[in-house]
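A.B. asks:
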Ligand code: SF4
Ligand code: SF4
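Residue numbers (our numbering): 1216 to 1559.
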């Protein structure tokens, strides 16, 4: 196989479990289409454990919990984490809105179980204006209780808003609420500095949810460029370039839906298109799904050059002229176009 060939091969880096699409926060900017997902379905723990072992046999060494809100599925997280640890697989830091901070007993019980299982991955805590249904006091309680079990230096806080000042105001409220729990806390330029650890803060612009109309003013848009150099840029103004998101240098993971549907990526818009579903782990082994994915023309183009290459190869270059907040939003537009779907 030439190096050119390798760059076109779908290359998942691990497994993302979405145990349920249940989330009570219903944030305005959320990418989960709450209008048409069944939030009562849960991925079976035994299925997930089996998939971890199958993934390990395929050479995958990492996994992550995502959602909606994964911490509401405590049994799933604890049991599947234990199995991953037994298999020497690495758990990545999961996102959380800290909803469990509203239920101190449940929160403590969850952390005790996770801690006993050997959890050290931390959490990626959301704190921005879009998460307004989660009071900062709950976020503060989540962090304060966590500090009794885990190293807060492993945590990060993500603020997703085009208005960084608005996020900083909310972070100041959070710092105040943390101090109320008895832990010293202040906000510096990129950390929540507490007496229990430094929590790094990241600011980024929200991606536009595909399932509901929100005003353009809530987002910043990026142009699309077919120049390969654009794919190597990471600054805020970088255009969406031909980055091989599902290739060896990309960000592809197997994403498991609550019903077992297995998607080829964990991208922001994967949930909108059945074109990225490559199988179902409740009916077949992950290895069979992987084999099938490797033969997909669509996935191989995405592996080579992401949605920019997909648009060009499908003769849908006109879609590159649209307004997009993120590569995956362009991808969602392409995967709704009949010219592109012919390739799958
Ligand atoms: S907390 Fe996260 S999963 Fe829940 S609605 Fe908000 S963005 Fe979506
Ligand atoms: S651009 Fe498409 S294939 Fe790539 S990560 Fe995003 S949704 Fe997945």
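Ideal Cβ placement from N, Cα and C applies to all residues, glycine included.
Note that the structure is a prediction, hence the values are computed from the model and not measured.
Does residue 1498 come out as helix, strand or coil in the three-state DSSP assignment?
C.D. replies: Correct three-state label for residue 1498: coil.
A.B. asks: If you measure from the CB of residue 1282, is any heavy atom of ligand 1 nearer than 8 Å?
C.D. replies: It does: the Cβ of residue 1282 is within 8 Å (strictly closer) of some heavy atom of ligand 1.
A.B. asks: Buried or exposed: residue 1346, going by 16 or more other Cβ atoms within 10 Å of its Cβ?
C.D. replies: It is buried - the Cβ of residue 1346 has at least 16 other Cβ atoms within 10 Å.
A.B. asks: I need the boundaries of the beta strand (DSSP E) containing residue 1415, first residue and last residue.
C.D. replies: Run containing residue 1415: 1412-1419, per the beta strand (DSSP E) assignment.
A.B. asks: Check whether the Cβ atoms of residue 1250 and residue 1427 sit closer than 9 Å, and answer yes or no.
C.D. replies: Yes.
A.B. asks: Suppose you measure from the CA of residue 1330 to the CA of residue 1410; what does that come to, to the nearest Å?
C.D. replies: Each residue's Cα considered, the two are about 20 Å apart.
A.B. asks: Could you give the distance in angstroms between the alpha-carbon of residue 1341 and the alpha-carbon of residue 1234?
C.D. replies: In a straight line, the C-alpha of residue 1341 is about 19 Å away from that of residue 1234.
A.B. asks: Pairing CB atoms from the segment 1420-1440 with CB atoms from the segment 1505-1514, are three or more of them under 8 Å?
C.D. replies: Taking 8 Å as the limit for Cβ pairs, the verdict is that the segment 1505-1514 does not touch the segment 1420-1440.
A.B. asks: Rounded to whole angstroms, how far is the Cβ of residue 1276 from the Cβ of residue 1305, which I believe are closer than 8 Å?
C.D. replies: 6 Å between Cβ atoms; contact.
A.B. asks: Decide if residue 1499 is buried, meaning its Cβ has at least 16 other Cβ atoms within 10 Å, or exposed.
C.D. replies: Residue 1499 is exposed by the Cβ-count criterion.
A.B. asks: Please identify the residue among 1227, 1238, 1504, 1244 whose C-alpha is closest to the C-alpha of residue 1429.
C.D. replies: Measuring from the Cα of residue 1429, the nearest candidate turns out to be 1244.
A.B. asks: Are three or more beta carbon pairs between the segment 1529-1548 and the segment 1479-1497 nearer than 8 Å?
C.D. replies: Contact between the segment 1529-1548 and the segment 1479-1497 is present, because at least three Cβ pairs lie under 8 Å.
A.B. asks: Is any heavy atom in ligand 2 found nearer than 8 Å to the beta carbon of residue 1466?
C.D. replies: Correct: residue 1466 has its Cβ closer than 8 Å to ligand 2.
A.B. asks: Nearer than 8 Å: is that true of the beta carbon of residue 1542 relative to any heavy atom of ligand 2?
C.D. replies: Yes, the Cβ of residue 1542 comes within 8 Å of a heavy atom of ligand 2.
A.B. asks: Where do the ends of the beta strand (DSSP E) carrying residue 1408 lie?
C.D. replies: Its beta strand (DSSP E) spans residues 1406-1409.
A.B. asks: Can you list, in chain order, the residues of its chain whose CB lies under 6 Å from that of residue 1218, leaving out five sequence neighbours each side?
C.D. replies: Here the model assigns residue 1218 a pLDDT of 48, short of 50, so the residue's position is not dependable and the matter cannot be decided.
A.B. asks: How many angstroms separate the CA atom of residue 1590 from the CA atom of residue 1343?
C.D. replies: What is shown of the chain runs 1216 to 1559, which leaves residue 1590 out entirely.
A.B. asks: Excluding five sequence neighbours on each side, which residues of the same chain lie with their C-beta closer than 7 Å to the C-beta of residue 1399?
C.D. replies: Excluding residues within five positions, the ones whose Cβ falls inside 7 Å are 1409, 1410.
A.B. asks: Whole beta strand (DSSP E) runs in the segment 1436-1516 with 3 or more residues, listed along the chain?
C.D. replies: You should have 1469-1471, 1476-1478, 1492-1495.
A.B. asks: Give every residue of the same chain whose Cβ lies closer than 7 Å to the Cβ of residue 1521, excluding the five residues on either side of it in the sequence, and list them in chain order.
C.D. replies: Within the same chain, residue 1521 has close Cβ partners 1457, 1458, 1459, 1460, 1542.
A.B. asks: Do you know offhand how far residue 1216's Cα is from residue 1463's?
C.D. replies: Reliability fails at residue 1216, whose pLDDT of 43 lies under 50, so the model's placement of it is uncertain and no value is given.
A.B. asks: Is residue 1238 buried or exposed, if buried means 16 or more other CB atoms sit within 10 Å of its CB?
C.D. replies: Counting Cβ neighbours within 10 Å, residue 1238 comes out buried, since at least 16 surround it.
A.B. asks: Could you check whether the Cβ of residue 1537 sits closer than 8 Å to any heavy atom belonging to ligand 2?
C.D. replies: Outside the cutoff, so no.
A.B. asks: My understanding is that residue 1285 touches residue 1309, with C-beta atoms under 8 Å, so please give their C-beta distance in whole angstroms.
C.D. replies: About 5 Å separates the two Cβ atoms, so the contact holds.
A.B. asks: Taking 8 Å as the limit between beta carbons, can you name the residues of its chain near residue 1557, skipping five residues before and five after?
C.D. replies: So the list reads 1529, once near-sequence residues are dropped.
A.B. asks: Which two residues bound the contiguous beta strand (DSSP E) that contains residue 1373?
C.D. replies: 1371-1375 is the span of the beta strand (DSSP E), which, as asked, contains residue 1373.
A.B. asks: Rounded to whole angstroms, how far is the Cβ of residue 1468 from the Cβ of residue 1248, which I believe are closer than 8 Å?
C.D. replies: No, residue 1468 and residue 1248 are not in contact; Cβ-Cβ is about 20 Å, not under 8 Å.
A.B. asks: Beta carbon of residue 1309: closer than 8 Å to some heavy atom of ligand 1?
C.D. replies: Outside the cutoff, so no.
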